[in-house]
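The sequence shown begins at 17 in our numbering and counts up one residue at a time.
Here is the structure we will look at, set down as structure tokens.
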Amino acid sequence: MSSSREPTPSQVDVPAGSPQSVLRQPRRGQYPAVPPAEFADRPIRVAIVYAVLYRFRMPIFRRLSSDDGLRVKILVGQGVPGTKFSNAPDASGVDAEILWTLQKQVVSTGRSVTMMFNPTLPFRLWRFRPDVLLIQGGMLPNNWLTWAYSKLTGTPVVWWSLGEVRERKFNGLSGKYRKWVRAVEKTSDAFAGYSSPAVDYFLSQGYPEDRCFNLVNVVDTDLVAEQMHATQDQVPALRKQLGLEGQQVILFVGSLIETKGIDTLLRAFARLDSAADSAKLLIVGDGPERENAERLAVELEITERVIFVGAVYEGVSTYFQLGDLLVLPGTGGLAISEGMAHGLPVICSIGDGVELDLIDDGENGFCVPPKDVDVLAEKIAHSLESPERLQEMGEHSLKIIRERANIDRYLNEMRAAIFRALERR
Numbered sequence: 017m018s019s020s021r022e023p024t025p026s027q028v029d030v031p032a033g034s035p036q037s038v039l040r041q042p043r044r045g046q047y048p049a050v051p052p053a054e055f056a057d058r059p060i061r062v063a064i065v066y067a068v069l070y071r072f073r074m075p076i077f078r079r080l081s082s083d084d085g086l087r088v089k090i091l092v093g094q095g096v097p098g099t100k101f102s103n104a105p106d107a108s109g110v111d112a113e114i115l116w117t118l119q120k121q122v123v124s125t126g127r128s129v130t131m132m133f134n135p136t137l138p139f140r141l142w143r144f145r146p147d148v149l150l151i152q153g154g155m156l157p158n159n160w161l162t163w164a165y166s167k168l169t170g171t172p173v174v175w176w177s178l179g180e181v182r183e184r185k186f187n188g189l190s191g192k193y194r195k196w197v198r199a200v201e202k203t204s205d206a207f208a209g210y211s212s213p214a215v216d217y218f219l220s221q222g223y224p225e226d227r228c229f230n231l232v233n234v235v236d237t238d239l240v241a242e243q244m245h246a247t248q249d250q251v252p253a254l255r256k257q258l259g260l261e262g263q264q265v266i267l268f269v270g271s272l273i274e275t276k277g278i279d280t281l282l283r284a285f286a287r288l289d290s291a292a293d294s295a296k297l298l299i300v301g302d303g304p305e306r307e308n309a310e311r312l313a314v315e316l317e318i319t320e321r322v323i324f325v326g327a328v329y330e331g332v333s334t335y336f337q338l339g340d341l342l343v344l345p346g347t348g349g350l351a352i353s354e355g356m357a358h359g360l361p362v363i364c365s366i367g368d369g370v371e372l373d374l375i376d377d378g379e380n381g382f383c384v385p386p387k388d389v390d391v392l393a394e395k396i397a398h399s400l401e402s403p404e405r406l407q408e409m410g411e412h413s414l415k416i417i418r419e420r421a422n423i424d425r426y427l428n429e430m431r432a433a434i435f436r437a438l439e440r441r
């Protein structure tokens with residue numbers, strides 16, 4: 017069966033604002049991925065070990081669970097109810113077990129790290145007897161437990177992670193933590209990265225190229241298309257309700273936490289000249305920084321042009337359909353692909369690395385330096401100058417989703433990583 021080839025790293029330009037040492041990496045897996053011959057007559061038993069059943073991961077978990085060639089068991093911790101680090105309220109469509117969990121929050125280098133420990137994890141794995149382990153990388157000490165189980169039973173491991181966030185420094189305890197993570201990481205049989213920077217990181221650690229897979233982290237793009245079709249009739253009424261008729265809408269969707277850069281967005285929006293007076297900023301999301309953001313909007317005298325919607329989970333597609341331009345000035349991975357699947361151009365900064373794979377700089381958006389208010393304001397103003405150009409950029413976003421960054425390609429690369437790990441048993 018022939019494979020679908022993608023550009024080599026040297027054939028693809030790197031977006032502005034991205035470190036030039038990072039190249040856009042091709043997907044490594046054959047398309048369609050073919051399982052090892054020994055699993056022709058039975059499904060592959062896959063144990064996914066994750067921190068929690070994150071709401072944003074549920075579409076992927078459901079798609080993997082619906083694969084006839086796989087039997088998926090998901091083992092997660094209890095999380096922290098009421099936070100992003102919690103289990104989704106709807107776990108339908110997956111076989112998941114929430115394990116008793118010991119947790120410890122540790123702060124180092126300005127970051128909070130959650131140390132998770134599920135003492136019963138080895139027992140649950142032994143009871144399920146997986147053919148392969150698909151584990152969330154960087155979650156110590158649970159990664160130690162899966163490593164021990166893998167060595168005792170000979171079960172291959174797929175390490176699923178973002179590698180290391182670019183420009184993030186690790187000192188003190190966090191530096192030691194990263195060393196411990198790498199020690200476990202390198203024993204894995206295949207490496208599934210969220211993006212090209214993740215693969216670049218894996219290669220920099222000396223991991224074999226044929227074992228490093230670039231998933232390109234995206235939402236369930238098929239589900240987005242279904243949601244758009246189901247909610248498109250609701251958009252005009254919502255536009256009128258929010259007072260957005262005849263307005264250009266700059267959209268932000270995400271948690272209002274410090275790393276999302278909402279303050280940078282507000283300051284950039286305040287600098288737009290009179291030509292952008294008809295534009296409004298629609299902020300969809302909630303979090304600990306909301307009060308500060310609302311206070312800043314008052315200080316900048318832009319409250320009449322900024323709308324804080326709050327958190328929206330069900331029906332968020334209608335808000336994406338209101339937007340003309342999606343702006344994510346801080347960390348933001350999946351929201352980029354969700355905006356693009358809605359036909360939006362995107363301005364973003366350095367996040368989990370997926371922006372390198374999704375943004376063709378100047379064609380469907382821009383990647384800007386973090387916390388640079390001047391550059392962000394310039395790119396927003398430039399994008400709003402021509403509605404026709406804005407529409408062309410949105411169409412290019414849809415082209416990227418159709419051709420190289422959709423759920424089908426994502427799942428195929430995941431399967432390819434699983435199959436490669438099995439071949440190394």
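Backbone N, C-alpha and C define an ideal beta-carbon position, used for all residues, glycine too.
Nonlocal neighbours in the same chain, by C-beta distance under 7 Å from residue i, ignoring five residues either side
{"i": "W196", "result": "L156"}
{"i": "G410", "result": "G359, L360, P361"}
{"i": "N422", "result": "V234, T237"}
{"i": "A11", "result": "Nothing can be reported for residue 11: it is not among the residues displayed for the chain, which extend from 17 to 441."}
{"i": "S219", "result": "Here the sequence assigns Leu to residue 219, which means Ser is not the residue at that position. Hits under 7 Å: E225, C228."}
{"i": "R21", "result": "Residue placement at R21 is poorly supported in this model, since its pLDDT is 45, which falls under 50; the coordinates still yield a value, given next. Hits under 7 Å: none found."}
Cβ-Cβ distance between residue i and residue j below 9 Å
{"i": "P59", "j": "R87", "result": "yes"}
{"i": "V181", "j": "S353", "result": "no"}
{"i": "I434", "j": "G346", "result": "no"}
{"i": "G85", "j": "F55", "result": "yes"}
{"i": "R425", "j": "D83", "result": "no"}
{"i": "P172", "j": "R441", "result": "yes"}
{"i": "F133", "j": "N103", "result": "no"}
{"i": "L372", "j": "S212", "result": "yes"}
{"i": "W175", "j": "F207", "result": "yes"}
{"i": "H412", "j": "E379", "result": "yes"}
{"i": "T280", "j": "V370", "result": "no"}
{"i": "V232", "j": "E429", "result": "yes"}
{"i": "Y66", "j": "Q152", "result": "yes"}
{"i": "V62", "j": "L149", "result": "yes"}
{"i": "D340", "j": "Q264", "result": "yes"}
With 16 other Cβ atoms within 10 Å as the buried cut-off, status of residue i
{"i": "P75", "result": "buried"}
{"i": "A351", "result": "buried"}
{"i": "V343", "result": "buried"}
{"i": "A437", "result": "buried"}
{"i": "K296", "result": "buried"}
{"i": "K192", "result": "exposed"}
{"i": "D226", "result": "exposed"}
{"i": "Q27", "result": "Reliability fails at Q27, whose pLDDT of 43 lies under 50, so the model's placement of it is uncertain and the value that follows must be treated cautiously. Burial call: exposed."}
{"i": "T162", "result": "buried"}
{"i": "G326", "result": "exposed"}
{"i": "K202", "result": "exposed"}
{"i": "A357", "result": "buried"}
{"i": "D57", "result": "exposed"}
Cβ neighbours of residue i in the same chain (closer than 6 Å, five flanking residues each side left out)
{"i": "P386", "result": "S365, I366"}
{"i": "R71", "result": "A104"}
{"i": "I363", "result": "V343, G381, F382, K395"}
{"i": "D216", "result": "V38"}
{"i": "Q243", "result": "S333"}
{"i": "I417", "result": "T237, M356, A357"}
{"i": "A393", "result": "A284, R287"}
Own chain partners of residue i with C-beta closer than 8 Å, once the 5 adjacent residues on each side are dropped
{"i": "A164", "result": "P138"}
{"i": "D13", "result": "The chain is shown only over 17 to 441; residue 13 falls outside these bounds and no answer can be derived."}
{"i": "P23", "result": "Residue placement at P23 is poorly supported in this model, since its pLDDT is 46, which falls under 50; the coordinates still yield a value, given next. Excluding residues within five positions, the ones whose Cβ falls inside 8 Å are R40, P42."}
{"i": "T247", "result": "G331, S333, T334, Q337"}
{"i": "V110", "result": "L69, M74, F77, R78, S81, V88, I90"}
{"i": "Q250", "result": "G331, T334"}
{"i": "N230", "result": "Q41, P42, R43, R44, G209, S211, S212, A214, V215, D373, E429"}
CB contact check: residue i to chain C, cutoff 9 Å
{"i": "L282", "result": "No chain C is part of this structure, which consists of one protein chain only."}
3-residue-minimum beta strand (DSSP E) runs that sit fully inside the region 195-241, ordered along the chain: 206-209, 228-230
Would the region 299-306 and the region 265-276 be scored as touching if the rule is three or more Cβ pairs under 8 Å? yes
Please confirm if the region 158-178 is in contact with the region 138-149, defined as three or more CB-CB distances below 8 Å between the two stretches. yes
Would you list, in sequence order, the uninterrupted alpha helix (DSSP H) runs of no fewer than 4 residues that lie entirely inside the region 118-160? 137-144
Go through the region 310-356 residue by residue and report every complete run of the alpha helix (DSSP H) that reaches 4 residues or more, in order. 332-338
Quick one: complete beta strand (DSSP E) runs, 3+ long, within the region 354-431? The region 354-431 contains these whole beta strand (DSSP E) runs: 362-364, 381-383.
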